[in-house]
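All residue numbers in the sequence shown are consecutive under the working numbering, ending with 352. Here the structure comes first, spelled out in structure tokens, and everything after it is commentary.
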Amino acid sequence: MKLRPAFAGRRAILAVLFALLAATAMLTGCSGGDEQGKESAVILGFSQLGSESGWRIGNSRDIIAAADRAGVRLTFENAEQKQENQINAIRSFIAYQVDVIAFSPIVEDGWTNVLTEAREAGIPVLCTDRLISGADADLIVGFVGSDFYEEGRRAGNFLLKKADRMEGDPLRIVEIAGTEDSTPMRQRAIGFRDAIKGDPRFEIVESVSGDFLKSKGKECMQRILEERGHDIDVLYSHNDAMTLGAIEAIEAEGLTPGRDIIIITVDGEQGAIDLLKEGKINCVVECTPKIGDIIMSLSKKLAAGESVERYTYSAETVFTEFDENLQDIPPRGY
Ligand code: GYE
């Protein structure tokens, strides 16, 4: 059908108007997106301490995914278990003038100089997962991670409950601890001792460091079994990686973990939960590596000049052989 000229003209004008409106909407949409992009383009320098355990690998993965979700520009450095590498990474973040620095300190001491440099550069520093020594506490703006003392107490409380259901001589405990001078190693040791303190049913006969590594957990346990024979009742291990190594050594000796030796571990990796279900581990104290989202939200606040809570602790639990619904534990994701 042919249009009358006047109507055709009006239609053309409408089409132009519509096109203009659409273009404006697109532009506004784009510029809104840009604004959002700009607002969230916080630059975060993160120094991870290494890849020693499934926990740590899960923690790195979680932080990288959370930065992506939050639109934070993340510069991620892995120090491969060396404090020196962490110090160099922090120095490079300062030189790059990132908005916020976060790091998981491998040990508590030795950070004064580099953190003073960050302060002088006006860059706020967050500790994640582990802490630095109290003397340097005012060089950081906050901490996000677990309450390791509470984790140690949960381990000890499980043992009290277990001992209530047993009879006989005092239980001889060996402890395979984490990296010396690290916060989880210190606090998990103290919390555990505080929980069983003064109770004559327990004796800690040996405590060694397995550096949070599976290989060292196995070596330590092999040596302990060689030296002490089967004269051990309990293994308290500061992480699942070392526990899995120790269990290999225990089984190689012809002993049954979970029955001949009570096994208490910390972290809650899927592998440990599976062994709890099989009866080879008696207690798994949860320590979650999933702190990425909170790190991102604190980083955004800090970059905006806001102050943040000094301590943000993760909510955690404990899984034990006494739980009725072990089969219902959802996949751990690390
Ligand atoms: O328990 C262990 C890791 O600092 C909480 O480090 C972390 C500990 C965790 O290697 O598996």
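Here a beta-carbon is modelled for each residue, glycine too, at the ideal position from N, C-alpha and C.
| Asked | Found |
| --- | --- |
| C-alpha distance - D258 paired with I279, whole-angstrom precision | 16 Å |
| C-alpha gap between F176 and E138, whole angstroms | 46 Å |
| Any non-hydrogen atom of the ligand GYE closer than 6 Å to P202 Cβ | yes |
| Simplified DSSP assignment, three categories, for P144 | Residue 144 is actually Leu in this sequence, not Pro. Three-state result, L144: strand. |
| Segment limits, beta strand (DSSP E) that includes V303 | C301 to E304 |
| Sub-7 Å separation of A181 and R219 beta-carbons | yes |
| Proximity to P202 [Cα-Cα], best of L189, Q66 and D229 | D229 |
| Strand pairing of G209, partner residues [DSSP] | Partner(s): none; G209 has no beta bridge. |
| Burial state of F340 (16 or more Cβ within 10 Å) | exposed |
| Coarse secondary structure for G47, derived from DSSP in three states | At G47, the pLDDT of 37 sits below 50, so the modelled position is not reliable; the number obtained from the coordinates is stated separately. Three-state DSSP puts G47 in a helix. |
| Helix, strand or coil at I31 [DSSP, three-state] | Confidence at I31 is low in this model, with a pLDDT of 46, below 50, so the placement of that residue should be treated as unreliable; the coordinate-derived value is given next. Three-state DSSP puts I31 in a helix. |
| Contact check, G276 vs N300, beta carbons under 7 Å | yes |
| Start-to-end residues for the alpha helix (DSSP H) that takes in D285 | First-last for D285: I280 to D285, but that is the beta strand (DSSP E), not the alpha helix (DSSP H). |
| Inter-residue spacing [alpha-carbon to alpha-carbon] between A84 and R109 | 24 Å |
| CB contact flag (L309, V132, <7 Å) | Here the sequence assigns Ile to residue 309, which means Leu is not the residue at that position. No; because the gap between Cβ atoms is not below 7 Å, this pair is not in contact. |
| Alpha-carbon to alpha-carbon, L149 and Q205 | 11 Å |
| Simplified DSSP assignment, three categories, for D346 | helix |
| Cβ neighbour criterion (16 or more within 10 Å) applied to G351 | exposed |
| Residues that DSSP places opposite A195 in a beta bridge | S227 |
| Beta-carbon proximity list for F111, same chain, < 6 Å, skipping 5 on both sides | G63 and I119 |
| Cβ-based burial, E169 [other Cβ within 10 Å; buried from 16] | buried |
| Where the alpha helix (DSSP H) containing G235 begins and where it ends | K232 to R246 |
| Supposed close pair Q115, S65 - CB separation, criterion 8 Å | No, Q115 and S65 are not in contact; Cβ-Cβ is about 16 Å, not under 8 Å. |
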